[in-house]
Amino acid sequence: METHSDRPKIAVSACLLGREVRFDGGHTRDRFLTDALALHLDFLPMCPEMEAGFGSPRPSIRQVRATDGSLRVVSQRPEADATDALASAVERRVEGLASEAAVNLCGFVLKKDSPSCGPFRIRVHGADGRLERDGAGLLVHALRARFPHLPIEDEGRLNDAGLRESFLIRVFAWHRWQRMLASGLDRRTLREFHAAHKMLLHAHAPARTRALGRLVARPDARPAEVDADARAYAPAFMEILSRPATRGRHVDTLQHLAGHLGDEMPATERGELHTLIEEYRQGWVTLETPVALLRHHLRRLGTVWANAQLYLDPHPRALALRSVIR
Ligand code: SF4
Numbered sequence: 000m001e002t003h004s005d006r007p008k009i010a011v012s013a014c015l016l017g018r019e020v021r022f023d024g025g026h027t028r029d030r031f032l033t034d035a036l037a038l039h040l041d042f043l044p045m046c047p048e049m050e051a052g053f054g055s056p057r058p059s060i061r062q063v064r065a066t067d068g069s070l071r072v073v074s075q076r077p078e079a080d081a082t083d084a085l086a087s088a089v090e091r092r093v094e095g096l097a098s099e100a101a102v103n104l105c106g107f108v109l110k111k112d113s114p115s116c117g118p119f120r121i122r123v124h125g126a127d128g129r130l131e132r133d134g135a136g137l138l139v140h141a142l143r144a145r146f147p148h149l150p151i152e153d154e155g156r157l158n159d160a161g162l163r164e165s166f167l168i169r170v171f172a173w174h175r176w177q178r179m180l181a182s183g184l185d186r187r188t189l190r191e192f193h194a195a196h197k198m199l200l201h202a203h204a205p206a207r208t209r210a211l212g213r214l215v216a217r218p219d220a221r222p223a224e225v226d227a228d229a230r231a232y233a234p235a236f237m238e239i240l241s242r243p244a245t246r247g248r249h250v251d252t253l254q255h256l257a258g259h260l261g262d263e264m265p266a267t268e269r270g271e272l273h274t275l276i277e278e279y280r281q282g283w284v285t286l287e288t289p290v291a292l293l294r295h296h297l298r299r300l301g302t303v304w305a306n307a308q309l310y311l312d313p314h315p316r317a318l319a320l321r322s323v324i325r
């Protein structure tokens, strides 16, 4: 029987989890992954070079642009073309990820600068000796093609507070989407899903959020069309969340939610909240400061709709992601 873990699962370069699989026989354990994220996510370790049978330790590899323009992976000392073996291992891995066992798969954290795993700015050596710096690992090309909506990051970029939050917003959002599908999709659940995410989406792209709302709220939609609408909804939902949530959009979202506080809220408390939102706009306090006060007031005096907004808690509070975002 199909089961659904309560935790999102991300596939991770095995060396980042402390596995001794690198070319030099070592690892590059990443503490944010193993000490912080491990409390909230399940990991699926993967190492394409080990899966290709290269062993550890092994000669290092690099990407080379052949004279016909194709991308090759070349093992150093002795030089040997390793492209086919690595490509086969990547293909097997991606098929495995797409299988039922990986049903909760919600994203990828990969080793930066690796010619196999690195997602961004990988060195590609030209046949003419020129060096390109805009490549991606073989595994990454395959993951992007097979899982276009899922977020991919490397451990270096996750040191940036904004990129870190953006990645985890998408991981947890995709997990909620999968759980909604697993619980049984119908027009009502799709509308409720969108309603709960409305302010979170608004903080990323307000106009696109309104367009997405029109898709789920079509008055002429027939029940049988809900599967097609969900297929259209999912990529657009994830694309909106991949856009940066600017400080200005956060301010707009906070003010919008503050408008859902009841008239009985004392003017002094309302004033304090708006002062904190303004201080966030100025960059004097972190995003968590006005969000925490808003959460507190909404619990006492807010509408049901506003309290249900996942903008207030899009990822586990214990990660304190917004405590460092200005
Ligand atoms: S970067 Fe990728 S291929 Fe290299 S050791 Fe880590 S998991 Fe293996």
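When we follow numbering that gives the first Met the number 0, the leftmost residue of the sequence shown carries the number 0, and every step to the right adds one. Quick reminder that beta carbons are idealized off the backbone N, C-alpha and C, glycines included. Keep in mind it's a predicted model, so treat the numbers as computed, not measured.
By the Cβ test, the stretch 56-63 is in contact with the stretch 17-27, since at least three Cβ pairs between them sit closer than 8 Å. By the criterion of at least three beta-carbon pairs nearer than 8 Å, the stretch 79-97 is in contact with the stretch 133-151. Where Gln75 is concerned, there is no enclosing beta strand (DSSP E), because DSSP gives it neither an H nor an E. Measuring C-alpha to C-alpha distances from Thr302 to each of Met237, Gln254 and His259 identifies His259 as the nearest.
The residue among Arg187, Pro44, Thr208 and Val170 with its C-alpha nearest the C-alpha of Arg6 is Val170. In the DSSP assignment, Ile9 is bridged to Phe42 and Gly106. The alpha-carbon of Asp83 is positioned some 30 Å away from that of Asp29.
Using a Cβ distance threshold of 8 Å, Ser74 and Ala65 do not count as a contacting pair. Ala291 is the residue among Gly17, Val108, Asp133 and Ala291 whose C-alpha sits nearest the C-alpha of Leu311. With a beta-carbon spacing of about 11 Å, Arg92 and Met49 fall beyond the 8 Å limit used to define contacts. Comparing alpha carbon positions, the residue from Val284, Gly155 and Leu293 closest to Leu272 is Leu293. Residue environment: Leu130 is assigned as exposed (fewer than 16 neighbouring CB atoms within 10 Å of its CB, all protein chains considered).
The continuous stretches of beta strand (DSSP E) do not include Gly301, and DSSP gives it neither H nor E.
In this structure, the beta-carbon distance from Gly161 to Pro243 falls below 8 Å. Nearest in C-alpha terms to Arg209, of all of Ala223, Pro222 and His193, is His193. Taking a contact as a CB-CB distance under 8 Å, the pair Leu297 and Leu256 counts as one, their CB atoms being some 7 Å apart.
It is roughly 11 Å from the alpha-carbon of Lys8 to the alpha-carbon of Gln177. Boundaries of the beta strand (DSSP E) harbouring Glu131: Leu130 to Gly134, taken from the DSSP string.
DSSP, reduced to helix, strand and coil, places Glu278 within a helical segment of the structure shown. Taking 7 Å as the cut-off, one finds no heavy atom of the ligand SF4 near enough to the beta carbon of Ala88. Distance from the CA atom of Asp262 to the CA atom of Gly282, rounded to whole angstroms, is 29 Å. Ser12 is positioned such that its CB atom lies no closer than 8 Å to that of Cys105.
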